[in-house]
Amino acid sequence: VYPIAHVQQWKDLNEAITEAIHTLSNAGHLSPGDRVILTSGDSLGKEGGTNTLRLIQVGEGGSVEEQAELDLH
-11 VYPIAHVQQW KDLNEAITEA IHTLSNAGHL SPGDRVILTS GDSLGKEGGT NTLRLIQVGE
49 GGSVEEQAEL DLH
């Protein structure tokens, strides 16, 4: 787990995810094909509301590719 502080405000969770993956990719922390487990809550910015788990695969240029299924290879 590598927490990275940020102060950016987003319109919705998908925008926050896209920006986070892009930022981490540009900083060299993620590469295309890497998998990310993302936890979040329905309400951005509120503590204690985590109720969502997403499996994301990093695409070319730091894009987000949601994984339809989990392959174990």
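Counted from 1, the sequence shown has number -7 at position 5 by the numbering used here; the numbering is strictly sequential.
We put the CB at the ideal spot given by N, CA and C, even for glycine.
#1: How many Å lie between I(-8) and A15 at the Cα?
#2: Which residues in the same chain as V24 place their Cβ atom closer than 6 Å to its Cβ, once the five residues preceding and following it in sequence are excluded?
#3: Give me whichever residues DSSP pairs with G70 in a beta bridge.
#4: Beta-carbon within less than 6 Å of E48's beta-carbon, same chain only, minus the 5 sequence neighbours each way: which residues are those?
#5: Tell whether a beta-carbon distance below 8 Å holds between H10 and G50.
#6: What separation, rounded to the nearest whole angstrom, lies between the Cα atoms of D133 and Q(-3)?
#7: Between L3 and V52, what straight-line distance do the alpha-carbon atoms span, to the nearest angstrom?
Short version:
#1: 11 Å
#2: I44
#3: Here the chain has residues from -11 to 61 only, and residue 70 is not among them.
#4: P20
#5: yes
#6: The first residue shown for the chain is -11 and the last is 61, placing residue 133 beyond what the model contains.
#7: Note that residue 3 corresponds to Glu in the displayed sequence, not to Leu. Cα to Cα, the separation comes out at about 11 Å.
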